[in-house]
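Trainee: Numbering (this note's numbering), first residue to last: 963 to 1347. Before I ask anything, let me first share the structure, which is written out below as structure tokens.
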Amino acid sequence: MKSRKFLAAAAGALMALTLAACSGGGAGTDDPSDAPTGGTATEGGLVGVAMPTQTSERWIADGEAVKAGLEELGFDVDLQYANDDIPTQSQQVDQMITNGAKVLIIAAIDGTALSSQLQSAADKGIKVIAYDRLIRDSANVDFYVTFDNYKVGVQQATSLLVGLGVLNADGSEGTATGPFNIELFAGSPDDNNAGFFFNGAMDTLQPFIDSGVLVVKSGQTDFEQVAILRWQQDVAQKRMEDLLTSTYTGGDKVQGVLSPYDGLSRGIITALQNAGYPATISDGFPIVSGQDAEIASVKLINDDVQFATIFKDTRKLAAQAITSAESLLAGEEPEANDTTTYDNGVKVVPSYLLESDIVYKDNIQSLLIDSGYWTADEVAAGVAS
Ligand code: BGC
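This is the structure in structure tokens:
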């Protein structure tokens, strides 16, 4: 059910992009007679799609949407998941190169670990698109499709402030003045996005920490102290348990937690529930942020347990990756909307950034259900059907 829904949506989004590409003309400077045009431009051939893990449903949706859209255009697709294991992903990319892929679309596990694979891709003229996560330390990355990752972090912090009543949802000043005890979590240190999320969040929270409205009671505010390797839910749960034991004894309560990903949020929530915090936010459960609009977390938001998440429409990201791949195969520069932000250590990789939205309980319907991302039944059940 779920995959059909994602496939249909991806195909629809892709058709719109392909039509736009056909009518809009490309940015390339090659002799147009060299480059086939329109839907037949890149028909056939193998595209390798390397995704990090199937333990998080967003990557499953991403993979399915990219595969479906490419197949619709006549490509063969080698879609691989690497179980969050770096050597496995390196081997998979090697194999895609050996199998004759024309383009690689890669969501890296460790953004620095693929340099030798990308060198052999470049030697064979294979184009490389970094998908969602920047691939670092390599000149051989042709394009990057992602969301505005710094802004995602700003949105996560904003949702925390809104939940605490320090800000209103429209960004204006709220009535609450604190002080509120909060704790901070960040994503995997080897994922370039994690730093962007954390920086966006901390730039937003710091003025309130400085003014005493927010208190990070554990004192753990450095990225290295709060990062969770490979975004693992059980590691986040354990860290929250440790924080509760070390810092929140004798009646002190944590009132908010900055969490950068729904899986981590669920681990944090489990730790808080096990420690006896009230069942719902209305009754005093702490404000917990998130990311990805995973269905289990959307249910928790609907049930007044998790306060918010960030919706990044993976269907749009998949469509953007595909249209970028088509451009590269036609010898053109993909359309970029950011050519300054994403320095991978060797070069600034031209990028296309998509927008994200904060999901609260009161806009689940308009953002997630009306757009066909989840059905009302799935939200009620907390599982994809
Ligand atoms: C993605 C997030 C995701 C996280 C964990 C990041 O690179 O941008 O959407 O929550 O990885 O999978």
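For glycine and all other residues, C-beta sits at the position ideal for the given N, C-alpha and C. Computed from a predicted model, the values in this text were never measured in an experiment.
Check whether the Cβ of K1113 sits closer than 8 Å to any heavy atom of ligand 1, and report yes or no.
Mentor: Taking non-hydrogen atoms of ligand 1 into account, the C-beta of K1113 is found less than 8 Å away from none of them.
Trainee: Can R961 be considered in contact with ligand 1, in the sense that its beta carbon sits closer than 8 Å to one or more heavy atoms?
Mentor: Nothing about residue 961 can be reported from this structure: the residues present for the chain run from 963 to 1347 only.
Trainee: Does the stretch 1145-1165 come within contact of the stretch 1176-1188, defined as at least 3 CB pairs closer than 8 Å?
Mentor: The stretch 1145-1165 vs the stretch 1176-1188: in contact.
Trainee: Alpha helix (DSSP H) containing S1313: first to last residue?
Mentor: Careful: S1313 lies outside any alpha helix (DSSP H), inside the beta strand (DSSP E) at 1313-1316.
Trainee: Would the C-beta of D1110 count as close to ligand 1, meaning under 8 Å from any of its heavy atoms?
Mentor: no
Trainee: CB S1077 to CB S1100, shorter than 9 Å?
Mentor: yes
Trainee: Please go through the stretch 1011-1085 and give each complete beta strand (DSSP E) segment of 3 or more residues, from N-terminal end onward.
Mentor: 1038-1043, 1063-1068
Trainee: Verify the contact flag: S1251, CB atom, against every heavy atom of ligand 1, threshold strictly below 8 Å.
Mentor: no
Trainee: Under 8 Å from any heavy atom of ligand 2, does the C-beta of T1015 make it?
Mentor: Among the ligands present in this structure, namely ligand 1, ligand 2 is not found.
Trainee: Taking the alpha-carbon positions, what's the V1011 to D1266 distance?
Mentor: Counting only the Cα atoms, D1266 lies some 37 Å from V1011.
Trainee: I want to know whether the stretch 1086-1106 touches the stretch 1148-1162 - three or more CB-CB distances under 8 Å.
Mentor: Contact between the stretch 1086-1106 and the stretch 1148-1162 is present, because at least three Cβ pairs lie under 8 Å.
Trainee: For the beta strand (DSSP E) that contains G1087, what are its first and last residues?
Mentor: No beta strand (DSSP E) contains G1087, which DSSP labels as neither H nor E.
Trainee: Using a threshold of 9 Å, state whether the C-beta atoms of G1218 and V1188 are closer than that.
Mentor: Cβ atoms of G1218 and V1188: not closer than 9 Å.
Trainee: Once DSSP output is grouped into helix, strand and coil, what is the label at G1181?
Mentor: coil
Trainee: Please look up how many angstroms separate the CB atoms of P1248 and L1234, rounded, as I've assumed it's under 8 Å.
Mentor: 6 Å
Trainee: With F1142 as the anchor, note down where its beta strand (DSSP E) starts and where it stops.
Mentor: 1142-1146
Trainee: Using only CA atoms, which one of G1087, Q1057, L1262 lies nearest to V1321?
Mentor: L1262
Trainee: Could you name the residues of the same chain whose beta carbon sits closer than 7 Å to that of A1237, not counting the 5 residues immediately before and after it, in chain order?
Mentor: Closer than 7 Å at the Cβ level, and outside the excluded window around A1237, lie L1206.
Trainee: With burial defined as no fewer than 16 other Cβ atoms inside 10 Å of the residue's Cβ, what is the status of Q1378: buried or exposed?
Mentor: One cannot answer for residue 1378 here, as it falls past the ends of the chain, which runs 963 to 1347.
Trainee: Ligand 1 and G1162: does the residue's C-beta get closer than 8 Å to at least one heavy atom of that ligand?
Mentor: G1162: no, Cβ never under 8 Å from ligand 1.
Trainee: For the putative contact between I1068 and Y1093, defined by C-beta atoms under 8 Å, what is the C-beta separation to the nearest angstrom?
Mentor: 6 Å
Trainee: Report buried or exposed for P1169, applying the criterion of at least 16 other Cβ atoms within 10 angstroms of its Cβ.
Mentor: exposed
Trainee: Taking 9 Å as the threshold (C-beta atoms), are A1163 and Q1199 in contact?
Mentor: no
Trainee: Run through DSSP, which three-state label would G1133 get?
Mentor: coil
Trainee: DSSP on T1337, reduced to helix/strand/coil?
Mentor: coil
Trainee: Among the residues of its own chain, which have a CB less than 7 Å from the CB of K1215, if the five just before and after it don't count?
Mentor: N1143
Trainee: Could you tell me the boundaries of the beta strand (DSSP E) in which F1109 lies?
Mentor: 1105-1109
Trainee: Does the separation of the CB atoms of F1158 and G1115 fall below 9 Å?
Mentor: yes
Trainee: Going by beta carbon distance, what residues of the same chain come within less than 8 Å of I1088, once the five residues before and after it are set aside?
Mentor: I1059, A1063, K1064, V1065, L1066
Trainee: In chain order, what residues of the same chain lie with their CB nearer than 8 Å to the CB of G1149, ignoring the 5 residues before and after it?
Mentor: N1155, A1156, F1159, F1160, A1189, I1190, W1193, P1222, Y1223, L1226
Trainee: Pick from A1030, L1035, L1041: whose alpha carbon is nearest that of Q1016?
Mentor: L1041
Trainee: Taking the alpha-carbon positions, what's the G1133 to G1007 distance?
Mentor: 48 Å
Trainee: Roughly how many angstroms separate the alpha carbons of S995 and K1274, rounded to a whole number?
Mentor: Because the pLDDT of S995 is 33, which lies under 50, any placement of that residue in the model is unreliable, and the number read from its coordinates should be weighed accordingly. Taking the straight line from one Cα to the other gives about 38 Å.
Trainee: What is the DSSP secondary structure of Y1368, counted as helix, strand or coil?
Mentor: Missing from the structure shown is residue 1368; the chain here goes from 963 to 1347 and no further.
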